[in-house]
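Heads up, the thing below is written out as structure tokens.
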Amino acid sequence: MRGEITGENTRWKILCPAATGKRAPPGRSSIILLVLDLHTEVKYVKGVGPRVAEWLEQKNISTVEDLLYYLPFRYEDRLNPRGIGELRAGEMATVIAEVRNSAIFRTRNGMPIFELVAGQGRSTLKCIWFHGEYLRDRFKPGQLVALYGKVEEGWKGRGLQINQPQFEVLDGGGGGEGELDLESAKDIESLEVGRIVPIYESAANTKLTSRWFRRIIHGALENLGPQIADGIPPALCRRLGLLDRRAAFEHVHFPPEGEAFAALQNFATPAHRRLIFEELFFLEVGLELKRRKMRSRPGISFALTENVREAIKKTLPFKPTAAQKRVLGEIAQDMQQPSPMRRLLQGDVGSGKTIVALQAAVIAMENGYQAAFMAPTEILAIQHYLSARRTLEDAGYRVVLLTGSMDDALKRSVRRHVAQGNVHLVIGTHALIQEKVEFHKLGFVIVDEQHRFGVMQRFKLMKKGDTEPDTLVMTATPIPRTLALTLYGDLDTSVLDELPPGRTPITTRKISDKRANEVWDFVRKQARLGRQAYVVYPVIEGAPAEQQEMEFANEPVGARSKTGLKAALHMYDELRKKVFPDLRVGLLHGRLSPEEKEETMRRFKAAEIDVLVATTVIEVGVDVPNATVMVVEHAEHFGLSQLHQLRGRIGRGAAKSYCVLMTGGKVSQEGERRLNEMVRTQDGFEIAELDLELRGPGEFFGTRQAGMPGLRVANLLRDRKLLELAKVEAAKLVAETDPEVSLEDRKRVMAHLKNHWQRRYGLVEVG
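According to my numbering, the sequence shown is numbered sequentially starting from 721.
In structure tokens, the structure reads:
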């Protein structure tokens, strides 16, 4: 008997046992299975149930569709498992063998080593796991295991072994799966050996192993209806040669015979390409729709009259670069439009972003509107405030500062003047978005170092105006194009790619702290020439500190914390008393009061301090042209973009500048690569691309906090070309300029976006 029963929201499949090779339950002549669709809750998948569904929820797997998007992170070639006797040192191999015995050993220094002996007949193979105590009860004699790794010569040439092999228990009751063990030995043969096998990350509980996922996903695909929703228009699939969606799911989980193993490992098969493009396409469609929706809102159309142009010219302290003129022109053109401007201004350190932003603010202020300038830290807000006063106050604009640490009476006074319209430009920190802050007529918003703010913080400031203000978000951290297309895909972008004249290249050197005396001698010579220096440390004192400055452990011991990292407070005393007793040494870190920070920076700018010991609080916004030396201790512990920002504090005058990256102790291979790149190039965008490669999209200056969507399939670094293609195709579809895509297909894309993607990729309002 074979057929289907259809009920409300469900379908049931009736199968004859003889046709399936499966045994029907006692007293029944047939098997009844639920026919799944992509929206079916995962608990209804055979072998899951409510309890396991709760575990899967921790992996954001709640539907069949989520389950199918839980892709293998790698594959193992078990098409031709090797015999132990055929193995040769130096090759990668898969071996399926029987567990003979296992034990824990310890080295002389106490490190635990787990040793497993696996066998095929009389041939045996040793497997070693360092720090392997966690495997003590994992294996039992008689189990069948699959082992994958690099074959090496044993100690003193005693046979062959595999160190740290990937492994999987195939049978023998040692997998710890208990009630979750779904299949017979016959099924093990079909899914576990004799094919390229998908390997999944384990989830939440040891019972949800890679082997378990294979069986569950295989069963889900078997019971999935033959037709599944596909939002990509058929014409687009044909033009780009995209695989059918159902076939893509099947092939990515269980590769067909003949699929190239290298393509699988690189996520470059037709199945991977289809699913990656799909994810990026709908993401870009969403961003394009958001951009259009924003442009349809009513905004402020600023007039760019001759009087406004003259007012801009009066604020210029120097002749602008060609890049500054071009970018200001782009911003001014946006500001004349009747819809709100949303623009990202990128510029490497020292490229003159702030003066361009202040010139744009002049356009708004000359039109009778107020401007707000929000910075992530008080020290940066103070820097911008002092700069804006120098630039704007002589022209008659009133500029005020508003930060959280200001005296309550002063804050009330500032808020009153802002609300009454007596203030043209208010510069501040998060204090600007407090409910008590009201604007008389807000028309222009600047957000600096925007990646340090949460999405809602920026949004709150934008909503302070009666009419939606124009918004300019700035960053001195160059953003790789791949991130800009996703994280900021709904913003227009301007790039300042030219440094002001007179800026000299910075000489960068990497050196061990064993040669610290040579570095200090060099700093002393520069000071005697009338120059100044920064010396930067990764921690304040090893005790709890501001999170933005404190990336390491918290316990102080002498000049170093227990991690061995030198700390600013202790090194300040050492440098002041022992190393530079003849120089004026200052200290700047995040736990000083705003008044102390401002006074220290005033003294440093006035050349009353020769050497400024600091933490990364000076990373952005500090501008002292006379400072020519940047020494970064424990440079291997800083990220690439952070090092680039620190280096950007020097080289701001005509004198030759030097950046010294001092390392302490053993440096990792990745650390060496970072430092070598810093020595090699000063190109901020090139550095940002490498930083993205090393840290990944989710960690690149905290993009998760800044609104980075969590991609399930795509990798922004690996899939750059598909991202570019997806953006082009998404723009054509939304603009209705693709003649091959019908109106009905376009409607299906929008419905698919709403039903399948919006819940996962809620996109950022600004920045």
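We treat Cβ as the ideally placed atom computed from N, Cα and C, and that holds for glycine. Note that the structure is predicted; figures quoted are calculated from it, not measured.
#1: Determine the DSSP secondary structure at R1062, reduced to helix, strand or coil.
#2: Quick check: what's the CA-CA separation for D1054 versus L1192?
#3: Among residues of its own chain, excluding the 5 on either side of A1327, which ones have a beta-carbon nearer than 7 Å to its beta-carbon?
#4: Are the beta-carbon atoms belonging to I781 and P801 less than 7 Å from one another?
#5: Apart from the five residues on each side of it in sequence, which residues of its chain come closer than 6 Å, Cβ to Cβ, to E1397?
#6: Tell me whether G951 is buried or exposed, calling it buried when 16 or more other Cβ atoms sit within 10 Å of its Cβ.
#7: Report the residue from Q1154, E1158, G874 whose alpha carbon sits nearest the alpha carbon of R1136.
#8: Following the continuous beta strand (DSSP E) through V1146, name the residue where it begins and the one where it ends.
#9: What's the gap between the Cα of T1025 and the Cα of L1121?
#10: Tell me M812's beta-bridge partners as DSSP assigns them.
#11: Given L717, which residues of its chain have a CB within under 7 Å of its CB, disregarding the five upstream and five downstream residues?
#12: Starting from P918, follow the beta strand (DSSP E) in both directions and report where the run begins and ends.
#13: Taking the C-alpha atoms as reference points, what is the distance between E1030 and V1082?
#14: Measuring CA to CA, which of E811, A1129, Q1140 is closest to P885?
#15: Have a look at A1471 and V1005 and give me their C-alpha separation to the nearest angstrom.
#16: Rounded to a whole number of angstroms, what is the C-alpha to C-alpha distance between K763 and E796?
#17: Using a Cβ-Cβ cutoff of less than 7 Å, which residues in the same chain neighbour E998 once the five nearest sequence positions on both sides are dropped?
#18: Taking the straight line between their C-alpha atoms, what separation do you get for L845 and L836?
#19: Quick one: using the 10 Å Cβ neighbour count with 16 as the cut-off for buried, is A980 buried or exposed?
#20: For Q960, I'd like the list of residues in its chain whose CB is within less than 6 Å of its CB, leaving aside the five on either flank, ordered along the chain.
#21: With three or more C-beta pairs closer than 8 Å as the rule, is the stretch 1299-1315 touching the stretch 1223-1234?
#22: When you compare only the Cα positions, how much space is there between V1469 and L995?
#23: Determine the DSSP secondary structure at V1380, reduced to helix, strand or coil.
#24: Would V1333 and V1255 be called neighbours here (beta carbons separated by less than 7 Å)?
#25: For the 8 Å Cβ check, are there 3 or more pairs between the stretch 1370-1381 and the stretch 1347-1356?
#26: Excluding five sequence neighbours on each side, which residues of the same chain lie with their C-beta closer than 6 Å to the C-beta of L788?
#27: Would you tell me roughly how many angstroms separate the C-alpha atoms of H759 and L1181, rounded to the nearest one?
#28: Using 8 Å as the cut-off, can you tell me whether the stretch 1049-1064 makes contact with the stretch 1211-1219, which would need three or more C-beta pairs spanning the two stretches below that distance?
#29: Alpha carbon to alpha carbon, what distance is there between M1291 and R1372?
#30: Taking 7 Å as the cut-off, decide whether the C-beta atoms of G1067 and Q1044 are in contact.
#31: Using DSSP with H/G/I as helix, E/B as strand and the rest coil, what is L1121?
#32: Could you give the residue range of the beta strand (DSSP E) that holds V889?
#33: What is the C-beta distance between S1059 and R1118, in whole angstroms, given that I count them as a contact (C-beta under 8 Å)?
#34: Within 6 Å: the Cβ of L867 and any heavy atom of the ligand COA?
#35: Using the Cα positions of K906 and H1364, report the straight-line distance between them to the nearest angstrom.
#36: Find out if the Cβ-Cβ distance for the pair M1126, D1168 is shorter than 7 Å.
For this structure:
#1: strand
#2: 11 Å
#3: Q1252, N1346
#4: no
#5: L1410
#6: buried
#7: E1158
#8: 1145-1148
#9: 29 Å
#10: K870
#11: An answer regarding residue 717 cannot be provided, because it is not within the stretch 721 to 1487 covered by the chain.
#12: 916-919
#13: Straight across, the Cα-Cα distance linking E1030 with V1082 is about 10 Å.
#14: E811
#15: 12 Å
#16: 28 Å
#17: I952
#18: 8 Å
#19: exposed
#20: In the sequence as presented, Gln is not what sits at residue 960; that position holds Leu. There are no such residues.
#21: no
#22: For the pair V1469 and L995, the Cα-to-Cα distance works out to about 15 Å.
#23: strand
#24: yes
#25: Contact annotation: the stretch 1370-1381 touches the stretch 1347-1356, with at least three C-beta pairs closer than 8 Å.
#26: For L788, where only same-chain residues beyond five positions count, the Cβ hits under 6 Å are F969.
#27: 38 Å
#28: Counting Cβ pairs under 8 Å, three or more are found: they touch.
#29: 26 Å
#30: Going by C-beta atoms, G1067 is not nearer than 7 Å to Q1044.
#31: strand
#32: 886-891
#33: Not a contact, Cβ separation roughly 29 Å.
#34: Because no ligand of any kind appears in the structure shown, any question about the ligand COA cannot be addressed here.
#35: Any reading at K906 needs caution, since the residue's pLDDT is 38, under 50, leaving its predicted position unreliable; the model's value is listed next. Computed Cα separation, rounded: 58 Å.
#36: no
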